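Sequential numbering from 0 applies to the sequence shown in numbering that gives the first Met the number 0. C-beta: ideal position from N, C-alpha, C; glycine also. Bear in mind the structure is a predicted one, so any value in this text is a computation, not a measurement.
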Amino acid sequence: MSKKQDSSFVLTLPMNATHFDMFHFDKVFEVSRRIQNACLGEILKRNRLVQDNKHYCKNIRCIKAVKNKIQNSKNKKEKMILETELRSLYNKQKEIERQFGLIEYAIHDFVAPMKRHFEGVLDINTAQKIASRAWKAYEKKRYGSAKKVYFKKYGTMTSIEDKTNKSGITFREVKGQYLINVIGTKVSVTVKEMDIYAKEAFLNRKNIKYCRIIRKMIRGKMRYFVQLIMKGIPPAKRNKNTGLFKVRLGKGRTGIDPGIQTMAIVSDHLALLRELAPNVETLEREKRLILRKMDRSKRTTNPQKFNPDGTIKVGSKDKWSFSANYIKLRNKLQDIQRKQAAKRKQSHCRLANVILRTVDEFFVETMHYQGLQIRAKETKISEKTGKFQRKKRFGKSIANKAPALFVSILEYKCRCLNAKFNKINTWTAQASQYNHESEAYEKKKLHQRWSQVGNFFVQRDLYSAFLIKNIDESLDKIDKTLCDHTFLNFIVKHDLEIQRLKLMKPSISSMGIKS
0 MSKKQDSSFV LTLPMNATHF DMFHFDKVFE VSRRIQNACL GEILKRNRLV
50 QDNKHYCKNI RCIKAVKNKI QNSKNKKEKM ILETELRSLY NKQKEIERQF
100 GLIEYAIHDF VAPMKRHFEG VLDINTAQKI ASRAWKAYEK KRYGSAKKVY
150 FKKYGTMTSI EDKTNKSGIT FREVKGQYLI NVIGTKVSVT VKEMDIYAKE
200 AFLNRKNIKY CRIIRKMIRG KMRYFVQLIM KGIPPAKRNK NTGLFKVRLG
250 KGRTGIDPGI QTMAIVSDHL ALLRELAPNV ETLEREKRLI LRKMDRSKRT
300 TNPQKFNPDG TIKVGSKDKW SFSANYIKLR NKLQDIQRKQ AAKRKQSHCR
350 LANVILRTVD EFFVETMHYQ GLQIRAKETK ISEKTGKFQR KKRFGKSIAN
400 KAPALFVSIL EYKCRCLNAK FNKINTWTAQ ASQYNHESEA YEKKKLHQRW
450 SQVGNFFVQR DLYSAFLIKN IDESLDKIDK TLCDHTFLNF IVKHDLEIQR
500 LKLMKPSISS MGIKS
């Protein structure tokens, strides 16, 4: 949670939109897209003017010089003086940006005349929220989180939101019916009778912060949903038949060793080595065939965009033309990707609920998945074949399994249920290299999936999760005393899990288990 931000949750409900409502929504989304692109263009224009200003450039050089002096300085008094000077330089930088209108509130003023041009389509609060979205996109590029600012193409605007629930996009209850008002158009919202979660959330409807309208292409049809952003903690989900809570916290510690395709989980009660989202792979072949058909169609309808060797012409400004069959295939591909995302998230939530039933304190090893997606820079030749090795790493596996999504879902659920969620220091703990019996660190190669600990052979990921569970209070080092005390119990749970995996269908190679 960021500072000065209350806890909140989102309730998503389908809208009963008619053809007239859909026509109005399409108009609102298209106007929003144009306003966002106009704001992005204006922000980049003002940024270029600031970058060309000689006083701004001089100030930037001074900031870099002062930063270097602070790093090299060892005198505390001198550092304090330099830090004061650095703050004054930053204030001067902000003042220059303010003069050129390169601040968020100046972009809000820029949006006001455009909103008046589209009177009756957007209110001023929604227009300013769109301007804030454009500003955030610019800040990502400015501070290095993104390489480029992307403009929205036609039909790619998928969500709009307001600032409050008082004007513009509002949610109201009228005579027992829930209505969403989108700048003059009222649409009813579906709430199922058996949806206990939604009914419990509506007890808090006076604390709705704002509303968001999203649209999705589902099975070839455009569907519209409203997301209610509410203050407070989300209600606990219950079973429809029994009415009991689906998740009840246990007691104890759990260590989690996240992999690229697997998740190793060890507590005093269980040891699990699970493949993440096992159902997602079933759609991969169908996706590959559609992409192949789309490529053939695109090459047939756009021969002027390709060189004789089949590569795309660089610098060609001719517009792409797509056939009706290509558009159908593209919509089908989007629907497959939507199904993949839904199955992936559902699988992650189920696994998180299984873990939450056993313990109330979690220790997770942090992983930099973004670095594992990047292709290898160094060119290597295989010693066995004498050929160049592929530079691909784990991009496709991470995209299919989304291990970081699972960790974020578990963290969110822990926060809602008041469970402890701790991230250990990966570099100092070195759970994948440590052996608590010999107290030695041994770096293992990627294909080495088993380790010898004393008189026992243990699966590498499960043992790492066991060590993570027994981290000390500082979250920096493994506690050997805890390891010795609980190791024999871990071996019993470990052997049961290995037997279960051997009886199942052949598992993925990264587990190192043969059926």
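One question on the structure: do residue 496 and residue 271 come within less than 8 Å of each other, judged by their Cβ atoms?
yes
What are the start and end residues of the alpha helix (DSSP H) that includes residue 460?
Segment 459-468, the alpha helix (DSSP H) holding residue 460.
Measuring CB to CB, does residue 204 end up less than 8 Å from residue 226?
no
Considering only the beta carbon of each residue, do residue 303 and residue 317 sit closer than 8 Å?
The beta carbons of residue 303 and residue 317 sit closer together than 8 Å.
Using the rule of at least 16 other Cβ atoms within 10 Å of the residue's Cβ for burial, across every protein chain shown, is residue 56 buried or exposed?
exposed
Complete runs of the alpha helix (DSSP H) confined to the region 178-235 [at least 4 residues]
195-201
If distances are taken between C-alpha atoms only, which option among 260, 249, 280 comes closest to residue 266?
249
Use the C-beta contact count for residue 447: other C-beta atoms within 10 angstroms, 16 or more gives buried, fewer gives exposed.
exposed
Every unbroken alpha helix (DSSP H) within the region 368-455, with a cutoff of 4 residues, ordered by chain:
Within the region 368-455, the complete alpha helix (DSSP H) runs of at least 4 residues are 368-372, 394-400, 402-415, 425-428.
Rounded to a whole number of angstroms, what is the C-alpha to C-alpha distance between residue 201 and residue 461?
If you draw a straight line from the Cα of residue 201 to the Cα of residue 461, it is about 42 Å long.
With the cut-off set at 8 Å, would you say residue 255 and residue 408 are in Cβ contact?
no
Just list the beta strand (DSSP E) runs in the region 318-375, keeping only unbroken ones of 3 residues or longer that don't cross its boundaries, in chain order.
360-364
Secondary structure at residue 111, three-state DSSP: helix, strand or coil?
Helix.
Alpha helix (DSSP H) containing residue 503: first to last residue?
Where residue 503 is concerned, there is no enclosing alpha helix (DSSP H), given that its DSSP letter is neither H nor E.
Top-ranked residue by Cα proximity to residue 257, from 498, 481, 464
464
Using 8 Å as the threshold, is the C-beta distance between residue 262 and residue 273 below it?
Taking C-beta atoms as the reference points, residue 262 and residue 273 count as a pair closer than 8 Å.
Where does the unbroken alpha helix (DSSP H) through residue 20 begin, and where does it stop?
18-51
Whole angstroms is fine: what's the gap from residue 288's alpha carbon to residue 451's?
45 Å
Compare the beta carbon distance of residue 167 and residue 206 with 8 Å and say whether it is the shorter of the two.
no
Going by alpha carbons, who is nearest to residue 119 out of 79, 48, 26, 188?
A check of alpha carbon separations from residue 119 across 79, 48, 26, 188 identifies 26 as the nearest.
Contact between the region 12-20 and the region 187-198 (3+ Cβ pairs under 8 Å)
yes
Given this structure, state the Cα-to-Cα distance separating residue 276 from residue 282, to the nearest angstrom.
12 Å
Whose C-beta lies closer than 6 Å to the C-beta of residue 130 among residues of the same chain, with five residues either side of it excluded?
38, 106, 107, 110
Beta-carbon proximity check, residue 550 vs residue 423, cutoff 8 Å
The first residue shown for the chain is 0 and the last is 514, placing residue 550 beyond what the model contains.
Do residue 337 and residue 217 come within 8 Å of each other at the CB atom, strictly closer than that value?
Yes, they are a contact pair.
Along the chain, where does the beta strand (DSSP E) that runs through residue 308 open and close?
Note, residue 308: premise wrong, no beta strand (DSSP E); not H, not E.
Looking at C-alpha atoms only, which residue of 197, 58, 386 is the closest neighbour of residue 378?
386
Helix, strand or coil: which one does DSSP assign to residue 121?
coil
Can you list, in chain order, the residues of its chain whose CB lies under 7 Å from that of residue 196, leaving out five sequence neighbours each side?
234, 236
Alpha carbon to alpha carbon, how far is residue 264 from residue 418? Give it in angstroms, no decimals.
Taking the straight line from one Cα to the other gives about 16 Å.
Inter-residue Cα distance where the pair is residue 122 and residue 459
57 Å
Within 10 Å of its beta-carbon, does residue 493 have 16 or more other beta-carbons around it, so buried, or fewer, so exposed?
So residue 493 ends up on the buried side.
Quick one: what's residue 158 bridged to in DSSP?
DSSP links residue 158 through a beta bridge to 213.
Between the region 167-181 and the region 33-48, do at least 3 Cβ pairs fall closer than 8 Å?
no
State the CB to CB distance for the pair residue 230 and residue 198, rounded to an integer number of angstroms; the pair is presumed to be in contact (CB under 8 Å).
About 18 Å; that fails the 8 Å criterion.
With a Cβ-Cβ cutoff of 8 Å, do residue 260 and residue 507 count as a contact?
A contact, by the Cβ cut-off of 8 Å.
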